[in-house]
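This report concerns only the one structure given below.
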Amino acid sequence: MWLSQMRIGTRLGAGFGFMVVLMLFVAGVGVLQTQRMNANSEDIADNWLPSIEALDQLRGSLNHERRVALRHVLEPDEAGKRAQAEIMMKIEKETLPALIAKYESLISSDAERQLFETVKSHITAWKQTDARLIEASNAGEAQFAEARKLATGESGEQFVALMAALDKSIAVNVEGMQAAIQASRDAYRSALWQLIGAFGVAAAIAGVLSVRIRQSITRPLTQALDQSEAVAAGDLTRQARVDSQDELGQLVTSLNRMTASLSDVVRGIRQSTESIVTASSEIAQGNSDLSGRTEHQAASLQETAASMQQMNDTVRTNSDNARQANQLAMQATSVASQGGSDVDAVVQTMTGIQESSRRIADIISVIDGIAFQTNILALNAAVEAARAGEQGRGFAVVASEVRSLAQRSANAAREIKGLITDSVEKVEQGTAQVNGAGRTIQDVVLQVRKVNDLIAEISSSSTEQSQGVGQINVAVSQLDQTTQQNAALVEQTSAAAESLRQQARQLADAVAVFKVGA
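Under numbering that gives the first Met the number 0, the first residue of the sequence shown is numbered 0, with each subsequent residue one higher.
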């Protein structure tokens with residue numbers, strides 16, 4: 000029961016997690032026993048076998064040295080004895096120390112070390128006796144009997160004792176190896192039974208969990224399937240029992256809610272189908288009326304489109320006339336501007352004439368002054384000629400002529416001055432009039448430019464108005480097309496409303512299959 004209160008993901012995760020824990024436990028047991036067997040195997044391979052091998056090699060070397068010592072006794076010549084002595088020396092100095100050191104590095108217990116100390120003491124005693132044996136052998140025939148006695152007597156007995164002690168050490172190592180082998184076998188059997196037991200427990204627990212989890216999942220699914228089949232058969236009154244709060248329980252609850260909602264929907268559809276039938280009939284009648292009004296509106300829009308086309312032509316003509324008037328106004332502005340420039344040139348010319356007239360008047364004034372002075376000089380000359388009497392008569396005539404010329408020059412200068420003064424006055428009047436004409440021309444140019452701007456604005460407005468009327472014409476045409484399309488759509492809508500009424504009736508017949516509560 001407690002599984003049904005858990006989510007499916009949590010349930011499956013817990014089941015698989017527990018299986019992983021069991022697998023880890025089984026693996027841990029296997030690893031532990033494997034480590035034990037591996038430790039025993041390493042003890043055999045790294046300790047007992049090398050120890051037995053070292054002791055066996057030590058025994059072989061001692062036997063070799065024993066045989067060499069006996070051959071030394073039996074050698075008849077000195078050269079042979081020296082050769083045997085060298086072999087013994089090499090064994091004692093190189094082979095035996097190396098083998099002893101190798102074995103001592105492999106000793107793993109105090110009892111084994113004590114046994115090997117006994118072996119070493121036997122080796123020392125045997126070497127001392129063997130030294131006396133070699134010494135007697137080197138003495139020749141005189142000590143041959145003594146050497147033979149030592150070889151068969153004391154030396155042989157010590158060697159036998161040495162071999163017995165060495166065999167004990169070998170036996171101890173063999174026993175240790177056998178114990179390690181037996182421990183490895185025991186560890187294997189223990190690991191085998193522990194793994195079998197762990198696998199059995201794991202399989203039993205996994206079986207129970209799988210059955211429970213399967214039941215907690217399949218039971219709600221079966222209920223959901225039954226309810227789905229009932230809904231498919233049209234029975235909307237059936238409600239499944241909810242026994243869990245997991246995803247499947249939520250699924251069954253959702254199916255119950257869905258069935259209830261579907262029942263409400265079917266009930267609402269039944270109530271709405273009749274309303275749809277009535278509404279579709281009213282829509283068909285309304286579409287018929289709308290179709291008539293739409294056709295009338297389409298005719299009005301066609302007349303409006305024709306009027307807008309005529310207006311568009313009129314506005315386009317006005318726009319063209321305004322554009323031509325704008326061009327003429329621009330030409331008039333150019334001509335007025337050129338006239339203003341010419342008047343400015345005339346004003347400048349009149350100003351120059353006025354300045355020249357003033358300079359001529361100044362020159363005439365100078366000439367008048369010269370004539371006045373000449374007249375005075377001639378008068379003085381006449382006075383002097385009168386004083387001179389007869390001698391100055393000719394000079395008096397000349398002075399009289401000069402005075403006459405001076406008077407005529409003064410008169411002419413005065414006439415010219417009068418004419419120049421009158422000319423200057425007329426030039427000033429002409430300059431004033433020309434300035435006034437220039438200002439008038441400038442005003443005309445400004446007014447023409449304003450007229451040109453107004454005509455340009457009128458032309459632009461006419462162009463925009465023409466474009467706007469064109470757009471209105473296009474819009475009216477589109478509206479006419481849209482109205483015609485709407486008329487077609489109204490007819491289609493009428494047909495669709497009739498089809499909708501028939502489909503609503505078919506829907507009511509189809510919904511009648513479902514069985515709903517009161």
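Built from N, CA and C at the ideal position, the CB exists for glycine as well.
In this structure, how does DSSP classify residue i when only helix, strand and coil are distinguished?
{"i": "Asp234", "result": "strand"}
{"i": "Gly267", "result": "helix"}
{"i": "Arg65", "result": "helix"}
{"i": "Ile471", "result": "helix"}
{"i": "Glu463", "result": "helix"}
{"i": "Ile106", "result": "coil"}
{"i": "Pro75", "result": "coil"}
{"i": "Arg184", "result": "helix"}
{"i": "Arg240", "result": "coil"}
Taking the alpha-carbon positions, what's the residue i to residue j distance?
{"i": "Val382", "j": "Ser403", "result": "15 Å"}
{"i": "Asp185", "j": "Leu23", "result": "23 Å"}
{"i": "Asn320", "j": "Gln470", "result": "21 Å"}
{"i": "Glu145", "j": "Val72", "result": "10 Å"}
{"i": "Ile86", "j": "Ser108", "result": "34 Å"}
{"i": "Gly285", "j": "Ala474", "result": "27 Å"}
{"i": "Leu114", "j": "Ser168", "result": "6 Å"}
{"i": "Val397", "j": "Arg413", "result": "24 Å"}
{"i": "Ser518", "j": "Thr348", "result": "Outside the displayed span of the chain (0 to 517) sits residue 518, for which this structure offers no information."}
{"i": "Tyr187", "j": "Arg66", "result": "46 Å"}
{"i": "Val30", "j": "Arg213", "result": "33 Å"}
{"i": "Val19", "j": "Ile216", "result": "21 Å"}
{"i": "Ala380", "j": "Ala395", "result": "7 Å"}
{"i": "Leu69", "j": "Ala100", "result": "27 Å"}
{"i": "Glu400", "j": "Arg386", "result": "18 Å"}
{"i": "Gln477", "j": "Ser299", "result": "14 Å"}
{"i": "Leu376", "j": "Asp367", "result": "14 Å"}
{"i": "Glu463", "j": "Ser422", "result": "59 Å"}
{"i": "Leu261", "j": "Ser498", "result": "26 Å"}
{"i": "Leu224", "j": "Arg218", "result": "10 Å"}
{"i": "Thr481", "j": "Glu456", "result": "36 Å"}
{"i": "Val264", "j": "Ala278", "result": "20 Å"}
{"i": "Glu91", "j": "Arg147", "result": "22 Å"}
{"i": "Thr252", "j": "Thr9", "result": "20 Å"}
{"i": "Ser189", "j": "Ala203", "result": "21 Å"}
{"i": "Leu488", "j": "Gln226", "result": "46 Å"}
{"i": "Tyr102", "j": "Gln157", "result": "22 Å"}
{"i": "Gln270", "j": "Ala231", "result": "22 Å"}
{"i": "Thr33", "j": "Ile43", "result": "15 Å"}
Using a Cβ-Cβ cut-off of 8 Å (strictly less than) and excluding sequence neighbours within five positions of residue i, which residues of its own chain qualify?
{"i": "Val98", "result": "It is worth fixing the name first, because residue 98 is Leu in this sequence and not Val. Taken in chain order, the residues that qualify are Ala53, Gln56, Leu57 and Ser60."}
{"i": "Thr439", "result": "none"}
{"i": "Val365", "result": "none"}
{"i": "Asn374", "result": "Arg402, Ala405, Gln406 and Ala409"}
{"i": "Val25", "result": "Leu194, Ala197, Phe198 and Ala201"}
{"i": "Phe371", "result": "Ala405 and Ala409"}
First and last residue of the alpha helix (DSSP H) that includes residue i?
{"i": "Asp129", "result": "Asp109 to Asn137"}
{"i": "Ile90", "result": "Per DSSP, Ile90 belongs to no alpha helix (DSSP H) and is neither H nor E."}
{"i": "Arg147", "result": "Phe143 to Thr151"}
Leaving out five residues before and five after residue i in sequence, what residues of the same chain have Cβ atoms less than 6 Å from its Cβ?
{"i": "Glu111", "result": "Val171"}
{"i": "Ile415", "result": "Ile363"}
{"i": "Leu165", "result": "Arg58 and Val118"}
{"i": "Leu506", "result": "Thr272"}
{"i": "His121", "result": "Ala160, Leu161 and Ala164"}
{"i": "Glu391", "result": "Glu is not the amino acid found at residue 391; the sequence shown has Gly there. Around Gly391: Ala384."}
Please list, in chain order, all residues of the same chain as residue i whose beta carbon is under 7 Å from its beta carbon, the five residues on each side excluded.
{"i": "Leu105", "result": "Asn46, Pro49, Ser50 and Ala53"}
{"i": "Gln308", "result": "Asn472"}
{"i": "Asp442", "result": "none"}
{"i": "Glu74", "result": "Lys80 and Gln83"}
The segment 123-141 / the segment 173-193 touching (three or more Cβ pairs under 8 Å): A contact is defined here as three or more CB-CB pairs under 8 Å, and the segment 123-141 fails this definition with respect to the segment 173-193.
Does the pairing of the segment 114-133 with the segment 144-155 give three or more beta-carbon distances under 8 Å? In short, these stretches touch, since the Cβ pair count reaches three.
Is there contact here, the segment 73-81 with the segment 11-20, by at least three beta-carbon pairs under 8 Å? Contact check between the segment 73-81 and the segment 11-20: fewer than three CB pairs, one atom from each, fall below 8 Å, which does not count as touching.
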